[in-house]
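To start, the structure under review is shown below, and the notes come after it.
Numbering (this note's numbering), first residue to last: 172 to 477.
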C-alpha cells in the first residue's frame, strides 16, 4: 500500500476584518490628539476669592458665546485667601491673555438689566473675559462681579444724585416715554457719604433729550399704595422691576431749556413730578440707522418714522 502523501502547509496569512475597527479607532484617536495639540494655546492662571461651581476639566472660558479655553486645575492659594485657576487657552484665543484683560465667573443672578446666567444652573458655571490691551501675561486677578456693560457708542453721560440706591443695578435701563434710551453705568457713595451718585449713559441718537431742566425719577421695584381714594399700582416694565430703572421727562414751558452738557448733575426723585405725564416738548432726535428708509424703499416708509 503506497504511503499517504505528505500534507501541504500553506504559509499564506489571512487578514481578519475583526482588526479593522480597532485599527481605525486608534488612527482616528491619534489624529484627534494631534489636532488638539496643534490647537493648544498658552496656559494662564487667575486668582479668585472662591471657586464655587468651578470644575477642572469641565468649566470653560467663553468669549462671544464660544469656548476658548478650559480650566485644567483648581488650587488653593498658599496664603489661604483664595483660589487659583489654571486655564489652557486655545491657540486662536492666545491674544485674550493680555495684561489688561478682565476675567470673571458667571453665576446665576438677577440684576444687570435682567436675569442672567440661569443656564449655568444646568450646565454649570463658566468664565467670561473682556479683552484688554497690553503685553502678553500669564497671571491675572479675577473680578468679584460681572463688569459694567461696555459702551460702544458716543452718546452722553450724566450724574444722578439720590438719597439711596434702591433696586438700581449696573446696566439698569433708562427710559424716555417708556422707550429705552440708555442704561446705568455705575454707582457709588458720594465723597461725604450723604448721597449715592449714579452715572447713566444716554445713547447717541437720544442724548439731546436731556435738557438742563430735565427731571429724573426711579421707576424700579414694586410699589402699591392705598389711600382714601383707592389703590394705586406703580406702572413699571418687567426689566425695571427686576433690575431697577430710571425715567426722565422735560418741562415743555417755553423757551425750551438747552441740552445738558456731559457730566451734568441731576437729582433722582423717588416719584415723577405730578405734571410729568403732560410734558411733551418737541426735541429732535437722530433716528437710528435701522429706522431710516433705504433709497430703494422710498415708497414704503413705516408709519413709525413718519
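Glycine included, each C-beta is placed from N, C-alpha and C at the ideal position.
- [ ] Work out the CA separation of residue 368 and residue 317 for me, nearest whole Å.
- [x] 20 Å
Task: Three-state secondary structure assigned by DSSP to residue 379 - done: helix
TODO: Could you say if the stretch 253-262 and the stretch 214-222 meet the contact criterion of at least three C-beta pairs nearer than 8 Å?
DONE: yes
- [ ] Note the first and the last residue of the continuous beta strand (DSSP E) segment covering residue 239.
- [x] 237-247
- [ ] To the nearest angstrom, report how far apart residue 314 and residue 340 are at their CA atoms.
- [x] 17 Å
TODO: Look at the alpha carbon of residue 342 and the alpha carbon of residue 212, and state the distance between them as a whole number of angstroms.
DONE: Their backbone Cα atoms lie some 33 Å apart in a straight line.
Open item on the list: Less than 8 Å between the C-beta atoms of residue 332 and residue 308, yes or no?
Closed with: no
Task: Cβ pair residue 225, residue 296 closer than 8 Å - done: yes
TODO: Could you please give me the residues that DSSP links to residue 332 through a beta bridge?
DONE: 368 and 438
- [ ] Report the three-state DSSP secondary structure of residue 447 (helix, strand or coil).
- [x] helix
- [ ] Kindly indicate which residue of 382, 419, 329 and 388 has the alpha-carbon position closest to the one of residue 335.
- [x] 388
Open item on the list: Is the separation between the beta-carbon of residue 438 and that of residue 375 shorter than 8 Å?
Closed with: no
Task: Beta-carbon proximity check, residue 346 vs residue 355, cutoff 8 Å - done: no
Open item on the list: Since residue 390 and residue 364 should fall inside the 8 Å C-beta cutoff, what is the C-beta to C-beta distance between them, to a whole number of angstroms?
Closed with: Wrong, their Cβ atoms sit about 25 Å apart, outside the cutoff.
Open item on the list: For residue 424, tell me which candidate among 446, 436, 440 and 249 has the shortest Cα-Cα distance.
Closed with: 446
Open item on the list: Is any non-hydrogen atom of the ligand MG found closer than 7 Å to the C-beta of residue 264, if you look at the structure I gave you?
Closed with: As for the ligand MG, it is missing from this structure, which has no ligand bound.
Task: Exposed unless 16 or more other CB atoms sit within 10 angstroms - verdict on residue 276 - done: Residue 276 is buried by the Cβ-count criterion.
TODO: Would you mind reading off the limits of the beta strand (DSSP E) that contains residue 233?
DONE: 231-234
- [ ] Under 8 Å by Cβ, that's how I've got residue 242 and residue 227 pegged, so tell me the actual separation to the nearest angstrom.
- [x] 6 Å
- [ ] Consult DSSP for residue 351 and reduce its assignment to one of helix, strand or coil.
- [x] strand
- [ ] Spatial neighbours of residue 380 within its chain, please: CB distance less than 8 Å, with the 5 preceding and 5 following residues excluded, ordered by chain position.
- [x] Excluding sequence neighbours, residue 380 sits near 347, 352, 373, 419, 421, 454 and 456.
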